Each structure stands twice: as structure tokens, then as C-alpha cells.
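First up is the structure itself, then whatever we jot down about it.
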Amino acid sequence: MAKVDISLDAELVVEVMVLAGIGSPQDAVEAVVRDYIARGHRTETRTELRDQALREVDVRPQDPQG
């Protein structure tokens, strides 16, 4: 996997390290990024399931009116 070097505010990185309980700045930031991506995938899955359920409701035959 390709690597990217970035600069971050030291206070931000220390905060991430404390909250994540990880001693390495690299590992702490990587853990946060991986968690962010995983949350996005979970949100996509939930949204997709909800949209699929709504489509199924729309497809059901309507009762005759009148």
C-alpha cells in the first residue's frame, strides 16, 4: 500500500493519542482514519437496507380504491 506523509497540529495528534489510548502518533491517527472509514461503510449499509425496504413497500400492489 502506498504511504502518504502529512503534517498535523501536534495538539490534535496528542488528543487523538489520548482518546485512542495509543502511544504512537502514527498508529493513533491511522486508527482514527480506519474507524472513520468503517463507520462510513456501516452507514452506507444501513442506508441501503432502509432504501431497499422502502422500495419493497412501493412495489407491493395497492388495494383497489373506490
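Heads up, the sequence shown is in full-length UniProt numbering, so the first residue is 1 and it goes up one at a time. Every residue gets a Cβ at the ideal spot worked out from N, C-alpha and C, and that includes glycine. The structure presented is a predicted model; accordingly, all values stated were derived computationally and were not measured.
Query: Rounded straight-line distance, which links the Cα of Glu-15 to that of Ile-22; Result: 10 Å
Query: Contact check, Ala-20 vs Ala-38, beta carbons under 7 Å; Result: no
Query: Rounded separation between Val-13 and Val-4 - CA only; Result: 16 Å
Query: Nearest to Ala-6 (by Cα), restricted to the options Met-17, Asp-51 and Val-29; Result: Note that residue 6 is Ile in the sequence shown here, rather than Ala. Here the closest residue by C-alpha is Val-29.
Query: Which of helix, strand or coil DSSP assigns to Asp-5; Result: coil
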